[in-house]
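Residue numbers (the working numbering): 1 to 284.
Take a look at the structure below.
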Ligand SMILES: [Zn+2]
Ligand SMILES: [Zn+2]
């Protein structure tokens, strides 16, 4: 099994990465990809990937974190476009690393996060257009360096598809994923028409909408992810607070088993197929 989206580069895993990877291997997780959200987590993703044979890294700037450039701009009167240029240059400099398989996670995000480190967090059209601009630049980087793409879209389908479509190239067929894809017919048909993989997470174990959606995804378009440390699946999600673990890649085995039952195929076959899909996605 291949966990295509697992943030072993986040603070939640500090000091326990070795243990978490060993547990994942014991549970049958053969490959892991670590996506990044800014320059620091991109570097950390590479640092972790270097330590383990089948652990890979992705580098990029998440749309939510583009907010910091606006914040810096309003407070210090710095030119945020200049700052982003610097940051993107750093991302670009990491793309040559042998463990880097993709640019990600990149996209557009209109979700109001309740917990955010940014003061005066607000989603206005200026912020969204900045997100779209940075997404464009990162798609161009993936094309230039022949890397795969991990797309993050949350509540922003129209803006997101507009940018993706404007830069779409046959080179990206089979090399992109709609990670944690919203259960949406238009996203699904766009993905199928462009040979984009659909990433399914542990929320499928408690969301009826996601369950219905995952039944519609053709097997050849399906990849799995935990999005650890977020999106803890059932049964762990219902554990009492003091016994509740953080989400981790070993739980991909539970997600695979759940979806195998849902689709009426064997766990082994589903594991084999989705792992092969992910290997194709990242061109490993
Ligand atoms: Zn995401
Ligand atoms: Zn993520």
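Cβ coordinates follow ideal geometry from the N, Cα and C atoms, glycine included.
As the structure is a computational prediction, the values presented were derived from the model and not from experiment.
Sub-7 Å separation of residue i and residue j beta-carbons
i           : j           : result
residue 197 : residue 187 : no
residue 60  : residue 104 : yes
residue 69  : residue 108 : no
residue 247 : residue 270 : no
residue 256 : residue 267 : yes
residue 67  : residue 118 : yes
residue 39  : residue 17  : no
residue 52  : residue 21  : yes
residue 217 : residue 35  : no
residue 31  : residue 54  : yes
residue 214 : residue 265 : no
Other residues of its chain near residue i: CB distance less than 8 Å, five sequence neighbours each side excluded
i           : result
residue 101 : 33, 56, 57, 58, 147, 148, 282, 283 and 284
6 Å CB neighbourhood of residue i in its chain, flanking five on each side removed
i           : result
residue 278 : 2, 4 and 223
residue 234 : 205 and 206
residue 37  : 62 and 65
residue 189 : none
Buried or exposed (CB count within 10 angstroms, at least 16 for buried), residue i
i           : result
residue 253 : buried
residue 175 : buried
residue 155 : exposed
residue 228 : buried
residue 116 : exposed
residue 99  : buried
residue 138 : buried
residue 203 : buried
residue 219 : exposed
residue 261 : exposed
residue 87  : buried
residue 29  : buried
Reference residue i; option with closest CA among the options
i           : options               : result
residue 180 : 190, 226, 160 and 165 : 226
residue 195 : 210, 201 and 171      : 171
residue 9   : 45, 267 and 68        : 45
residue 27  : 271, 270, 250 and 262 : 250
residue 43  : 259, 84 and 94        : 94
residue 92  : 13, 142 and 169       : 142
residue 84  : 125, 111 and 135      : 135
residue 166 : 220, 132, 218 and 199 : 132
residue 210 : 15, 140 and 183       : 183
Mind listing, in chain order, the residues whose beta carbon lies closer than 6 Å to a non-hydrogen atom of ligand 2? 5, 7, 35, 105 and 227
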